[in-house]
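Residue numbers (the numbering used here): 3 to 652.
Glycine is no exception: its CB is placed at the ideal position from the N, C-alpha and C atoms.
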RNA sequence: GGGCCCGUAGCUCAGCCGGAUAGAGCGACUGGCUUCGAACCAGUAGGCCGGGGGUUCGAGUCCCUCCGGGCCCGCCA
C-alpha cells in the first residue's frame, strides 16, 4: 500500500515541478528518520535552489502551499531548511488497507530467464552452491510476486573436466567397470563418494602429472559420446544431477529446464555461433604473436576505453580448432535470447511433488510436446563474482554481433563467495597454514575436498532444531516434530544465505548459521506463528474471525490510528510492496530479508504490548484482531517470497 | 602490470537517487514468563563510518590519492 502513495506523490510533485518551474529534475522522496516529521519527505526544494537561485525555504513554502489535495495526504509542512514533510491521512490509509490490494502489475508476455545453481555434476553440492541457488530462487520468487513471467534454468556441464576427473577416477584409478559404478550409484550418498574420489584424483594428478593424460582421454571419450567411458560419464553426471535436484528441493528450489552441455555439443550450437561471429567480424584469425593460429576477440571489445593491449585479446577458438568455454558460452547466451536460430529437444525428466514438471534437453526429437524454452527478453545469470571477466567477454560477444539491446539485458547477477571461518575450519579438522590462520576466512576448494557439504549442513540444522522442538513440544508426534524442525532448519538456512548483500563475502561459521535467535529465519517464522496462534486461539474460544470491512470503517480506523504506536506499526507492516519493488530494482534479495525481519520485529512489539483476545472494548478488539490478521498476511507473503515456510507451531 | 569487490560499535553486518540526531543482530550488563508460550520483549554501555585531499547548501554515500584485506586476468577446462 505504501508504495502506491509514494508513487502518487512522486507523480504529482514531478508534474507540478515541470509545469511550475519548467525544469525536469528527478524528484527524490524520502522517509524521515523521525516519526514526528511525518511519513514522507521531499527534499526537492534543495535541488531547485540551484536552478532558481532562491533559498530552499522560500521555494518549499511555495510548493507546500500549491500542492494541496493529494489523495491520501493529510498535510504538508515546511521543516528545517527547506524540507517538505507530508503526513498520510491515517483514516484513509487504514480504510484502504481493509480492501484487498490490486495485483502488482499486468504480465506483459515478456519472459525473464534466470539461470542459477549450475553445479558441476561430479560431486556433492556445498555451501557456496547453496548461496547461488538460494539467491537465484529468491530472486525468481521476487519477480514472480511482482507479476513477471520467469523461466528458471539450471545449466548442466555434464561433459567438462570436473566430470571427466571423477570418471577417470573410477576408470583408471579404481579400475571400476560401468556396471560396478552403476551399482554404487544406487546408494544414497553417491555424491559424497564422488566428492572424496574427486579429491583423491586431484591429489593423484598433483603427484603424478603424467596421469593428466587420463583427463584428456576421458574428455575425448565423453565428447565422442560412445564407448564405456562415455557411458560412465553419463552414469555419474545423471546420478549426481538427481542428487543436486534433491538437495535443492529440500530448500524448496525447483527449476523449469536443465539445458545440458552434451546437447550443446551434439546439436552443434557452437558451429552456428561461430559462423555468426566470423560473418559479423566479431572475432578475427590471428596470424602472428602468441595467439597465432587462433580465432580471437579483440580486447577492445570488452575492455573499458583505456588502451587495450594486444595481450588483452581473448582466444575463442584454439589453434587446434577446438572452442574455448567462453565461445560455447556465447553460443548458449545467444540461444537464451532466441538469437541462435537453433533449439534443443526436450524430455520431461520428472514431476516435482508440487506437480510442476522439470524438463531436460536432449538431442533427438521427442513425442511429448514441451513448452517453449529460451528466447528470453532479459537474462539473469546467477554466477559468482570470480567469473565476471568471462561474463564480460560473453556480453562483449553479443555486442560485437550487433545485439546491442540483448547485451544490455544480459545481467551478470554476481555475488561473492562463501568461505569458511577459521573456527569452522578447526571444527572440520582442516589443517591451516600459519598464513591461513591469520586470514579472516579460508576459501573452499572442491578439488581439495575442502568445504561444507550442503546436505550435511541441512542435516545438522535439522538436528539442532529438533532438539529445541523436542524440548518445547514433547507431547507432539515425532514425525510432526521432525517436520517442524525441518521447516525451521531450512528457514534458518535460507535466511542466513539471504541476509548478506550480494557483494559481501560470507565467512561461513557453524555457530552463526546454527543460531535461531535474533536476526534469523526462525525469528521471522516465530512472529508468523504467533500471529496465527492468536487467530486460532480466538476460534478455540468459540469466537469467529469477523468480517473486518463490516466491523471497521473509516471513522473507526481514524480513532484507532490516532495512536502513534498503532500507526507506526501499521505503517511498517504495509511497506512490503515498497520493499520488494526496491529489492527488484537493485537486484538485492537481502532487502526483502531485511524487511521481513523488521516486519517481525514490529509484530513482536505489538504482540507484547497489546493483548488482543482479552481486549474488552469491542472496537479496539476488532482493530487489534484486524492488525493481527494484517500482520499475518504480510508475514506470510514476505516469507513466501523468501521461500521460507511457516511451521504449525514453534 | 590491469580489472572488480570489501574496510561503519568488541564480533557479524544494514544504511534506498548524496539529505535532518549513523542503525540492527550477536556478545556484555540490568530487568521482564499470570498460557494470545520467552526461538520473545524493555533498557544500559559501546562509533574520527580505514587515513588524507576535493566536489556540494549538505558526504558513511560522489571524485582523486594513500593504506590494509580479498578475488580475477592461460590456446588449462
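In this structure residue 531 is not in contact with residue 632, their Cβ atoms being roughly 16 angstroms apart against a cut-off of 8 angstroms. Judged by DSSP in its simplified three-state form, residue 119 adopts coil rather than helix or strand. Boundaries for residue 515: no beta strand (DSSP E) harbours it, while the alpha helix (DSSP H) harbouring it runs 512 to 515, taken from the DSSP string. Separation of residue 635 and residue 628 (C-alpha to C-alpha, rounded to the nearest whole angstrom) is 11 angstroms. Here DSSP, grouped into helix, strand and coil, assigns residue 464 to helix.
Counting only runs of 4+ residues, the alpha helix (DSSP H) found wholly inside the region 394 to 446 occupies 406 to 410, 424 to 429 and 436 to 440, in chain order. It is roughly 53 angstroms from the alpha-carbon of residue 612 to the alpha-carbon of residue 393.
Going by C-alpha positions, residue 92 is about 44 angstroms away from residue 484. For residue 363, DSSP records a beta bridge to 348. Here the alpha carbons of residue 132 and residue 337 stand approximately 26 angstroms from one another. With respect to the 8 angstroms criterion, residue 122 and residue 165 are classified as neighbours on the basis of their beta carbons.
Annotated three-state conformation of residue 56 is coil, per DSSP. In the three-state reduction of the DSSP assignment, residue 652 falls in the coil class, being assigned neither a helical nor a strand state. Sequence-distant partners of residue 648 (beyond 5 residues in either direction) whose C-beta falls short of 7 angstroms from its own C-beta, in its chain, are 527, 530, 531, 638 and 641. In the structure shown, residue 592 falls within a helical segment according to DSSP collapsed to helix, strand and coil. Residue 395 places its beta carbon 8 angstroms or farther from that of residue 283. For residue 256, the three-state secondary structure derived from DSSP is coil. By the Cβ neighbour-count rule, residue 25 is exposed, with fewer than 16 other Cβ atoms within 10 Å of its own. DSSP lists 297 as the bridge partner or partners of residue 287.
Per the DSSP secondary-structure output, residue 78 pairs in a beta bridge with 88. DSSP lists 416 as the beta-bridge partner residues of residue 385. Per the Cβ contact rule, the region 415 to 427 is in contact with the region 507 to 523 (3 or more Cβ pairs under 8 angstroms). Under the DSSP definition of a beta bridge, residue 380 partners with 114. Boundaries cannot be given for residue 507, as no beta strand (DSSP E) includes it and DSSP labels it neither H nor E. Relative to residue 482, the option among 332, 468, 495 and 492 whose CA is nearest is 468. The residue from 374, 349, 589 and 370 with its alpha-carbon nearest to that of residue 364 is 349.
The DSSP assignment places no complete beta strand (DSSP E) segment of no fewer than 3 residues inside the region 156 to 213. Residue 8 is a Cβ neighbour of residue 31, given a cutoff of 8 angstroms. The three-state secondary structure of residue 475, taken from DSSP, is coil. Within the DSSP secondary-structure output, residue 128 pairs in a beta bridge with 455. Around the Cβ of residue 239, a 10 Å sphere holds 16 or more other Cβ atoms; the residue is buried. Nearest C-alpha to residue 606 among 619, 568 and 288: 568. Per DSSP, residue 626 is one residue of the alpha helix (DSSP H) stretching across 620 to 644. If you check the CB distance, residue 40 and residue 563 do not come in under 8 angstroms. Nearest C-alpha to residue 199 among 183, 188 and 130: 183.
Cα atoms of residue 440 and residue 127: separation of roughly 28 angstroms, rounded to the nearest angstrom.
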